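Residue numbers (the working numbering), protein chains in the order written: chain A, 1 to 189; chain B, 190 to 441. These notes are about the structure you will find just below.
What follows is the structure, encoded as structure tokens:
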């Protein structure tokens with residue numbers, strides 16, 4: 001066999017090995033990216049949760065003059081906000097978020113019983129702003145869960161699971177929404 | 190002495206094979222990126238690398254006109270080519286090419302966001318092609334475009350050259366897939382808008398910027414073929430060309 005043919009065969013082997021090696025490097029890099037994307041998408045939710053928490057004192061200030069008989073509800077929002085601000089883990093924040101979302105839903109539904117409040121410009125603006133934030137939080141929660149789902153599927157599927165095993169990657173928890181939050185709020189008129 | 194053209198073509202093929210092989214890895218990386226990135230709703234778009242899907246809309250409701258077919262569009266790209274012969278060989282040569290640089294909007298069920306197509310890899314099919322040749326004049330719209338751009342379609346003695354005019358465009362309401370960087374909208378003062386997405390503009394960032402009129406599933410399928418073609422086609426070309434080169438220099 002001539003030197004040329006040997007070089008051709010070796011170049012074919014090297015190219016094949018490069019493809020295999022490159023493929024696994026690609027999987028490794030995409031896990032790194034996925035991990036960082038999950039952290040980033042949680043941070044993107046956290047920003048909105050913080051913005052919503054910042055709006056709550058203004059909301060309470062604008063409604064408390066009208067909703068004197070809903071003290072328990074307003075205190076519930078205040079407690080949930082405090083719980084959110086003190087929460088250190090993602091799980092604790094998610095729990096506090098569920099409570100805030102549920103109580104806000106009730107508050108806006110109960111506000112229907114107060115025509116003067118409903119006509120208040122400040123309340124209308126705050127309601128619009130908070131509802132907008134709620135929608136964005138829901139979207140970003142969905143995005144976060146999609147990212148986690150992709151990550152979890154990759155850690156379990158072939159051949160990515162070998163790389164995931166070497167990187168000691170484990171499944172991640174999704175951002176769960178409380179069942180009560182999915183239900184409509186009933187309001188008595 | 191064997192034909193020196195064989196060596197030339199093999200060297201060109203080797204270079205192209207290496208290019209394809211390296212591109213195969215780049216396409217593989219982009220494919221994984223598209224695969225792993227969930228689609229964002231426009232109203233809750235976050236800064237950074239994002240993927241969105243929706244309908245294209247012109248800015249201020251005023252659509253552009255595509256240069257050759259005069260269709261309404263939000264983006265167009267064109268190429269004017271001339272068929273040139275030299276000795277035994279003949280080929281199409283690009284005389285002029287260009288694209289629109291106008292911003293447009295992408296809208297989904299939650300909102301709309303401004304798109305700057307500059308720097309994007311825009312993967313859209315050919316929408317229009319016309320060939321002009323001896324006895325076949327280009328339509329008036331193309332003639333006036335050629336005139337305003339200083340491109341002649343006539344050669345010696347006023348006879349028509351063989352030319353072709355190709356146009357790609359994104360029409361209003363076309364479904365468009367975009368993967369790119371969501372950055373600040375330079376036309377809106379930061380934090381002044383009521384809605385989050387109004388502060389944002391999709392643009393070329395550090396990572397890749399891709400626009401297509403296909404849904405994500407088809408984009409991934411296309412990328413799959415590019416990866417296979419790049420890595421395996423490139424490898425085959427490299428090995429084949431090396432074989433011919435070594436045979437030519439007599440060391441096989």
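C-beta atoms are modelled at their ideal positions from N, C-alpha and C, and glycine is treated no differently. If you're wondering where the values come from, they're calculated on a predicted model, not measured in any experiment.
Option in the options with minimal Cα separation from residue i
i                      : options                       : result
residue 152 of chain A : A:11, A:159 and A:171         : A:171
residue 233 of chain B : B:250, B:296, B:205 and B:336 : B:296
residue 176 of chain A : A:101, A:17 and A:32          : A:101
residue 373 of chain B : B:204, B:229, B:223 and B:235 : B:235
residue 107 of chain A : A:48, A:4, A:162 and A:73     : A:73
Bounding residues of the alpha helix (DSSP H) (the contiguous stretch that carries residue i)
i                      : result
residue 7 of chain A   : 3 to 63
residue 412 of chain B : 405 to 417
residue 97 of chain A  : 90 to 110
residue 84 of chain A  : 71 to 86
residue 197 of chain B : 193 to 225
residue 144 of chain A : 121 to 156
Proximity of residue i and residue j at Cβ, strictly below 8 Å
i                      : j                      : result
residue 210 of chain B : residue 424 of chain B : yes
residue 264 of chain B : residue 293 of chain B : yes
residue 406 of chain B : residue 370 of chain B : no
residue 148 of chain A : residue 167 of chain A : no
residue 391 of chain B : residue 223 of chain B : no
residue 300 of chain B : residue 355 of chain B : no
residue 196 of chain B : residue 2 of chain A   : no
residue 267 of chain B : residue 254 of chain B : no
residue 133 of chain A : residue 48 of chain A  : yes
Separation of residue j from residue i, as counted between CA atoms
i                      : j                      : result
residue 54 of chain A  : residue 146 of chain A : 27 Å
residue 226 of chain B : residue 35 of chain A  : 12 Å
residue 328 of chain B : residue 337 of chain B : 14 Å
residue 389 of chain B : residue 140 of chain A : 16 Å
residue 119 of chain A : residue 58 of chain A  : 17 Å
residue 260 of chain B : residue 358 of chain B : 9 Å
residue 16 of chain A  : residue 10 of chain A  : 10 Å
residue 250 of chain B : residue 69 of chain A  : 50 Å
residue 252 of chain B : residue 246 of chain B : 8 Å
residue 116 of chain A : residue 60 of chain A  : 15 Å
residue 221 of chain B : residue 144 of chain A : 18 Å
residue 341 of chain B : residue 24 of chain A  : 53 Å
residue 63 of chain A  : residue 313 of chain B : 53 Å
residue 159 of chain A : residue 28 of chain A  : 11 Å
residue 414 of chain B : residue 19 of chain A  : 15 Å
residue 111 of chain A : residue 376 of chain B : 38 Å
residue 8 of chain A   : residue 416 of chain B : 23 Å
residue 271 of chain B : residue 324 of chain B : 16 Å
residue 188 of chain A : residue 105 of chain A : Confidence at residue 188 of chain A is low in this model, with a pLDDT of 44, below 50, so the placement of that residue should be treated as unreliable; the coordinate-derived value is given next. Rounded to whole angstroms, residue 188 of chain A to residue 105 of chain A spans 14 Å at the Cα level.
residue 67 of chain A  : residue 130 of chain A : 18 Å
For residue i, the first and last residue of its enclosing beta strand (DSSP E)
i                      : result
residue 238 of chain B : 237 to 247
residue 303 of chain B : 300 to 304
residue 267 of chain B : 264 to 275
residue 353 of chain B : 352 to 359
residue 295 of chain B : 293 to 297
residue 234 of chain B : Element bounds for residue 234 of chain B: n/a, residue is neither H nor E.
residue 66 of chain A  : Run containing residue 66 of chain A: none; DSSP gives neither H nor E here.
Beta-carbon proximity list for residue i, same chain, < 6 Å, skipping 5 on both sides
i                      : result
residue 228 of chain B : 240 and 242
residue 130 of chain B : The displayed coordinates of chain B run from 190 to 441. Any statement about residue 130 of chain B would go beyond what the structure contains.
residue 76 of chain A  : 103
residue 401 of chain B : 312, 366 and 408
residue 334 of chain B : 256
Own chain, CB closer than 8 Å to residue i, minus 5 neighbours either side, in chain order
i                      : result
residue 208 of chain B : 423
residue 125 of chain A : none
residue 200 of chain B : 430 and 434
residue 219 of chain B : 397, 399 and 412
residue 83 of chain A  : 92, 95, 96 and 99
7 Å CB neighbourhood of residue i in its chain, flanking five on each side removed
i                      : result
residue 273 of chain B : 279, 280 and 282
residue 186 of chain A : Annotation note: pLDDT 49 at residue 186 of chain A (below 50); position unreliable, no value reported.
residue 419 of chain B : 209, 210, 212, 213 and 216
residue 331 of chain B : 257, 319 and 354
Proximity test, residue i beta-carbon vs the ligand HEM heavy atom, cut-off 7 Å
i                      : result
residue 371 of chain B : You won't find the ligand HEM in this model; it holds no ligand whatsoever.
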